[in-house]
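Student: Order-wise, the sequence lines are chains A and B.
Counting in the working numbering, the first sequence runs from 8 upward without gaps.
Counting in the working numbering, the second sequence runs from 4 upward without gaps.
Using N, Cα and C, we set each Cβ at its ideal position, and we do this for glycine too.
Sending over a structure as structure tokens; questions will come in a sec.
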Amino acid sequence: MTSATTEKPVNNGVNVEALFGAREALTKAPEAAKFKWRASCEWVKGTQSRSTVDGFYGLGAEQKHKTKFSFHSDHPEIFASEDSGATPVEIVLAGLAGCLTAGIAAVAQARDIQLRSVTATLEAGMDVRGILGADPDVRNGFDGVKVVYKIDADASPDDIKALVAQSQKRSAVYDIITNPTNVTVEVK
Amino acid sequence: MRTTTVVIGAGQAGLAMSWWLSRRSIDHVVLERGEVANSWKTERWDSLTLLTPNWQSRLPGYGYLGNDPDGFRTMRETIGFIEDYAVAISAPVRARTAVISVRKRGEGYEVVTDQGTWQCDAVVLATGACNLPALPSVSASLPPAIRTLTPLHYRNPAQLDQGGVLVVGASASGVQIADEIQRSGRQVTVAVGEHVRVPRVYRGRDIKWWMDASGVLDQRYDEVDDIVRARNVPSLQLAGFPDRRTIDLNSLTSIGVKLVGRLAGINEGKAQFSGSLRNVCALADLKMNRLLDTIDAWATEHGRDGEVAPSQRFEDTRVEESPPLLLDFARGQVKTVIWATGFRPDYSWLKMPVFDHKGQIRHDGGVVEMPGLYVLGLPFLRRRKSSLIDGVGDDARELSTHLAAYLRKAATNATAAPASGSKRDATGIQALP
């Protein structure tokens, strides 16, 4: 770990003491570490739908967000849609970027690295013949995701690379995208 | 039968403990299920050499006397070294004595073996960290037509069918086995998770020389930030080739080995690999460079720059643009899977509540919570070098000090008040004579 001797204490606005405290507490109480994330979704019309997130389960109890958040999704006009919201695959990219960037801030705080700016651009390739059913050999999903970070921080280029690498190592969404997950969809 | 201390296992750990117990005049036996150096004799592949240079196998009262200090012992030489040590220190080894159970009995312990039962005051577990392969749960989903091996049963490529081989794991065992099998003419694919990359030789000196000289190997378990993580670090990607060449993922791809991400799942006869290959390689490259930075800084600080080669850095790990994410076993390209996914100890005979929720033995630097019970030879038990032949001696010395104090206290309590079961810790060991 880097321990920089800066004049001002490093502050990226992440309470890492609380995170380390939680890690220690949850190591001793693994049941409390079991979370359930939830979303609900309602069809609006056409290819539009609105998803909301409100409650989740964790630390052995039902938890609630401070406010209900909602995400309107649609598809672009070139897919003969109204383009009234982000495409779901773009929401996936937003999820990946949000997760990795939060991780970078937390790891930087833990390593005493002051961040000044962090920006990321993401691009995912996709051959849409998959979703159109035009070619059974083409998969529906991304054929790859590229994330490019630009980071201004009080650290060497290698230390900044190490932040980004560590953030990937600890990222939930990165894991979700890079590894298979069993998905069960039921109709009731 | 009765003795003061039963040591279980006659490898380097049990023998080093025996040496210290003898020096302290503590009556003991060393029980061994097979022969001295049994795991080295029966659970290693043919071409394996020690990963530490010859000079770096200092056991209490014993060391290397040959004329090739920088060479690497073959298995036969390693076995000979440990056998000679057992003879040189007159260790009271009971060979071909398999332990069936160890239980608390009164103030002491009862050790049941297939050659009779021992009563004793203290027990030292020196059975090693690598008794069983640690298989990932996905291994159960492998199609039955695929042959599987672990490094405990792999001997040489001639054992394998012709056809491709998937080696799961890229630490010391995985990369060495992959190298050897690829050179036998079989196409090898390595599934790569987190790993630790180091050059064999850096600035003209063996990496282990640097780690020894700079004190990295002596780093203590109560000095590191996160001992749980430190104890779970995979083994260094190293081989002890006679030409001292470096083995790493770049050396493997240069002979034709293919790299894929960590094995994440097996579904419907297809292996699924993680898309994280690029990041695990970046993590390993960055970590190696930090180690080399530390070495360079140490060399400068200690005025060694003049006597070693100039500082250097190595090419980053080469990863192809889009590594494969799927392997369909039905296509027949892969006939064998080798699980080089690590090992775990076998304490199935230890009938006492000394395990954590993950089944690992709870201990503080080798001192188990049960008074008079000790464990030795596990990774980072008391120091980074704890699992090396070269490292077990210091741990054995400190634990034997603790053990001797425990026996004295037990003897005093036996004549005075009942035992008080006080909690002992690492600092207590340091303070003892």
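Please compile the residues from chain A whose C-beta is within a distance smaller than 9 Å of the C-beta of residue 279/B.
Tutor: Ordered by position in chain A, the residues that pass the 9 Å Cβ test against residue 279/B are 175, 176, 181, 182, 185 and 186.
Student: Only counting runs of 4 or more residues, tell me where the alpha helix (DSSP H) segments fall wholly within the stretch 151 to 233 of chain B, in order along the chain.
Tutor: Complete alpha helix (DSSP H) runs here, min 4: 175 to 186 and 210 to 216.
Student: Nearest chain A C-beta to residue 198/B closer than 8 Å, yes or no?
Tutor: Not closer than 8 Å to any Cβ of chain A, the Cβ of residue 198/B fails to qualify, so no.
Student: Does any residue of chain A have a CB that is nearer than 8 Å to the CB of residue 235/B?
Tutor: False, the Cβ-Cβ gap to chain A never drops below 8 Å.
Student: Show which residues of chain B have a CB atom less than 9 Å away from the CB atom of residue 151/A.
Tutor: Per Cβ cutoff of 9 Å: 278, 324 and 325.
Student: Starting from the C-beta of residue 58/A, find all residues in its chain whose C-beta is less than 6 Å away, skip the five residues before and the five after it, and write them out in chain order.
Tutor: Once the five neighbours on either side are set aside, the close Cβ partners of residue 58/A are 46, 48 and 78.
Student: Can you confirm whether residue 286/B, when its beta carbon is compared against all beta carbons of chain E, has any partner nearer than 8 Å?
Tutor: Going by chain labels, chain E is absent from the structure shown, which instead holds the protein chains A and B.
Student: Mind listing which residues of the stretch 151 to 167 of chain B have their C-beta closer than 8 Å to chain A's C-betas, in chain order?
Tutor: Within the stretch 151 to 167 of chain B, no residue qualifies.
Student: Could you pull out every residue in the same chain whose Cβ sits closer than 8 Å to the Cβ of residue 313/B, ignoring the five residues on either side in sequence?
Tutor: Closer than 8 Å at the Cβ level, and outside the excluded window around residue 313/B, lie 206.
Student: List, in chain order, every chain A residue whose beta-carbon is nearer than 9 Å to that of residue 360/B.
Tutor: Correct list: 37.
Student: Going by Cα to Cα distance, which pick from 363/B, 233/B and 220/B is closest to residue 298/B?
Tutor: If we check each option's Cα against that of residue 298/B, 220/B comes out closest.
Student: Taking only the alpha-carbon atoms, compute the straight-line gap between residue 134/A and residue 184/A and give it to the nearest angstrom.
Tutor: Cα to Cα, the separation comes out at about 17 Å.
Student: How would you write the range of the alpha helix (DSSP H) that residue 352/B sits in, first residue to last?
Tutor: Here residue 352/B belongs to no alpha helix (DSSP H), and DSSP marks it neither H nor E.
Student: When the cut-off is 8 Å and only beta carbons count, does residue 262/B lie next to chain A?
Tutor: Closer than 8 Å: no.
Student: Return the residue from the list 116/B, 223/B, 315/B and 332/B that minimises the CA-CA distance to residue 268/B.
Tutor: Measuring from the Cα of residue 268/B, the nearest candidate turns out to be 332/B.
Student: How about residue 275/B: is its C-beta nearer than 8 Å to some C-beta of chain A?
Tutor: It does; some Cβ of chain A falls within 8 Å.
Student: Could you tell me the distance, in whole angstroms, from the CA atom of residue 165/A to the CA atom of residue 289/B?
Tutor: Cα to Cα, the separation comes out at about 7 Å.
Student: Please classify residue 196/B: is it buried, with 16 or more other beta-carbons within 10 angstroms of its beta-carbon, or exposed?
Tutor: Classification for residue 196/B: buried.
Student: Beta-carbon of residue 242/B versus every beta-carbon of chain A: anything under 8 Å?
Tutor: It does not; no Cβ of chain A falls within 8 Å.
Student: Does chain A have any CB closer than 8 Å to the CB of residue 18/B?
Tutor: So no, residue 18/B is outside the interface.
Student: Taking only beta-carbon atoms, is residue 165/A less than 8 Å away from chain B?
Tutor: It does; some Cβ of chain B falls within 8 Å.
Student: So, using beta-carbon positions, are residue 381/B and residue 389/B closer together than 8 Å?
Tutor: Yes, these two residues count as a Cβ contact at 8 Å.
Student: Starting from residue 114/A, trace the alpha helix (DSSP H) in both directions and tell me its first and last residue.
Tutor: Taken as a continuous stretch (DSSP letters only), the alpha helix (DSSP H) holding residue 114/A covers 95 to 117.
Student: Would you say residue 115/A reaches chain B, if we count a Cβ-Cβ gap shorter than 8 Å as a contact?
Tutor: With 8 Å as the cut-off, residue 115/A does not count as an interface residue toward chain B.
Student: Which word fits residue 50/A, buried or exposed, when buried means at least 16 other C-beta atoms lie within 10 angstroms of its C-beta?
Tutor: Under this definition residue 50/A is an exposed residue.
Student: Does any CB atom of chain B fall closer than 8 Å to the CB of residue 15/A?
Tutor: No - not a single Cβ of chain B is within 8 Å of the one on residue 15/A.
Student: Which residues in the same chain as residue 30/A place their Cβ atom closer than 6 Å to its Cβ, once the five residues preceding and following it in sequence are excluded?
Tutor: There are no such residues.
Student: How far does the alpha helix (DSSP H) with residue 405/B in it reach, from first residue to last?
Tutor: Per DSSP, residue 405/B belongs to the alpha helix (DSSP H) from 395 to 418.
Student: Mind pulling the chain A residues with CB within less than 7 Å of residue 267/B?
Tutor: What residue 267/B touches in chain A: 186 and 187.
Student: Count the C-beta pairs between the stretch 263 to 279 of chain B and the stretch 87 to 95 of chain B that are closer than 8 Å, then say yes if the count reaches three, no if not.
Tutor: As far as the Cβ criterion goes, the stretch 263 to 279 of chain B does not touch the stretch 87 to 95 of chain B, which means the pair count is below three.
Student: Suppose you measure from the CA of residue 212/B to the CA of residue 308/B; what does that come to, to the nearest Å?
Tutor: Each residue's alpha carbon lies about 15 Å from the other.
Student: Is there a Cβ of chain A sitting closer than 8 Å to that of residue 416/B, yes or no?
Tutor: No, because no Cβ of chain A sits closer than 8 Å to the Cβ of residue 416/B.
Student: List, in order along the chain, the chain A residues whose C-beta lies closer than 7 Å to that of residue 169/B?
Tutor: Under the 7 Å cutoff, chain A gives no residues; its nearest Cβ is about 17 Å from residue 169/B.
Student: Using only the alpha-carbon positions, how far apart do residue 173/B and residue 287/B sit?
Tutor: Using only the alpha carbons, I get a separation of about 11 Å.
Student: Would you say residue 40/A lies against chain B (beta-carbon separation less than 8 Å)?
Tutor: Not an interface residue.
Student: List, in chain order, every chain A residue whose beta-carbon is nearer than 9 Å to that of residue 253/B.
Tutor: The premise fails here: residue 253/B is roughly 18 Å from chain A at the closest Cβ pair, so nothing lies under 9 Å.
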